[in-house]
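Below is one structure, written out as structure tokens; the observations come after it.
Protein chains in written order, with my numbering: chain Z, 1 to 112; chain S, 113 to 224.
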């Protein structure tokens with residue numbers, strides 16, 4: 001069976017500090033990978049998606065970036081965090097050609 | 113106009129009630145329609161989905177799509193306190209990336 005992991009689960013970071021969130025998927029190969037942000041009272045906003053190693057597409061211009069160094073690893077980064085970066089960050093995966101996206105447990109980020 | 117509109121609730125019902133959760137969308141290119149359930153501080157879990165118009169039933173849950181009116185519904189029969197969660201609709205257009213557009217979610221509380 002497939003499993004998706006995210007860490008850390010919770011993070012409190014000061015404004016201007018760097019960020020690195022990691023997502024890994026087990027039990028499948030060549031998945032589509034997605035990063036979403038969920039702000040309080042708002043829906044899930046797609047930030048980045050990847051259809052393969054090194055292939056990243058950005059949905060929303062911002063101070064975040066994503067990388068996919070390995071087939072089942074997806075990383076979300078920032079060089080300098082803003083207060084507005086606070087939120088619940090979710091990673092998801094889907095099989096190539098499938099409509100079904102499966103989410104990880106999420107990382108709750110608070111920027112102070 | 114948002115691509116997907118969903119009443120945020122909260123919706124409070126007594127145990128055993130039939131619940132109707134609804135979304136409207138504006139993009140006629142959407143082909144498949146997902147429903148996710150999200151418990152507090154957890155990642156969303158895929159509940160069910162339909163492709164094109166019509167109904168789909170899975171146990172106590174029925175998903176319904178009316179493409180002519182761009183209206184999506186999820187019905188829950190014999191609601192249980194364990195159904196208390198936020199329900200997110202998420203239509204998608206298909207294609208290589210299978211991107212989904214999420215509604216803001218409806219918070220449901222089933223009172224015992």
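The beta carbon of each residue, even a glycine, is placed where N, CA and C say it ideally should be.
Problem - C-beta neighbour in chain Z for residue 144(S), strict 7 Å - result: Walking along the second chain from the start, residue 144(S) turns up at place 32. At least one chain Z Cβ lies under 7 Å of residue 144(S).
Exercise for the section: Taking 7 Å as the cut-off, decide whether the C-beta atoms of residue 185(S) and residue 134(S) are in contact. Expected result: Along the second chain, one-based indexing puts residue 185(S) at 73. Along the second chain, one-based indexing puts residue 134(S) at 22. Yes, they are a contact pair.
Practice task
Return helix, strand or coil for residue 224(S), following the three-state DSSP convention.
Solution key: Sequence index remark: in the second chain, residue 224(S) carries index 112 (1-based). Coil.
Handout entry: Proximity to residue 152(S) [Cα-Cα], best of 22(Z), 105(Z), 112(Z)
Key = As a position in the second chain, residue 152(S) is number 40, starting the count at 1. The shortest C-alpha separation from residue 152(S) is found at 105(Z).
Problem - is_contact[residue 214(S), chain Z] using C-beta, thresh 7 Å - result: Position 102 of the second chain, counted from the first residue, corresponds to residue 214(S). For residue 214(S), the answer is yes, since a Cβ of chain Z falls inside 7 Å of its Cβ.
Handout entry: Inter-residue Cα distance where the pair is residue 73(Z) and residue 101(Z)
Key = Reading the first chain from its first residue, position 73 is the one you call residue 73(Z). Reading the first chain from its first residue, position 101 is the one you call residue 101(Z). Their backbone Cα atoms lie some 16 Å apart in a straight line.
Problem - Whether residue 35(Z) touches residue 83(Z) by CB criterion (7 Å) - result: Along the first chain, one-based indexing puts residue 35(Z) at 35. Along the first chain, one-based indexing puts residue 83(Z) at 83. No, these two residues do not count as a Cβ contact at 7 Å.
Exercise for the section: Along the beta strand (DSSP E) that carries residue 56(Z), what are the first and last residues, could you check? Expected result: As a position in the first chain, residue 56(Z) is number 56, starting the count at 1. Where residue 56(Z) is concerned, the enclosing beta strand (DSSP E) starts and stops at 55-58.
Handout entry: Buried versus exposed call for residue 86(Z) [16 or more other C-beta atoms within 10 Å across all chains shown]
Key = The residue labelled residue 86(Z) in the question sits at position 86 within the first chain. Buried: at least 16 other Cβ atoms inside 10 Å.
Handout entry: Three-way DSSP call (helix, strand, coil) for residue 170(S) in this model
Key = Within the second chain, numbered from 1, the residue matching residue 170(S) stands at position 58. In the three-state scheme derived from DSSP, where H, G and I count as helix and E and B as strand, residue 170(S) is classed as strand.
Practice task
Report the three-state DSSP secondary structure of residue 76(Z) (helix, strand or coil).
Solution key: Residue mapping note: residue 76(Z) aligns to position 76 of the first chain, counting from 1. Residue 76(Z) falls in the strand class under three-state DSSP.
Practice task
Please say whether residue 43(Z) and residue 214(S) have beta carbons closer to each other than 7 Å?
Solution key: Counted from its first residue, the second chain places residue 214(S) at position 102. Counted from its first residue, the first chain places residue 43(Z) at position 43. Yes, the Cβ-Cβ distance between residue 214(S) and residue 43(Z) is below 7 Å.
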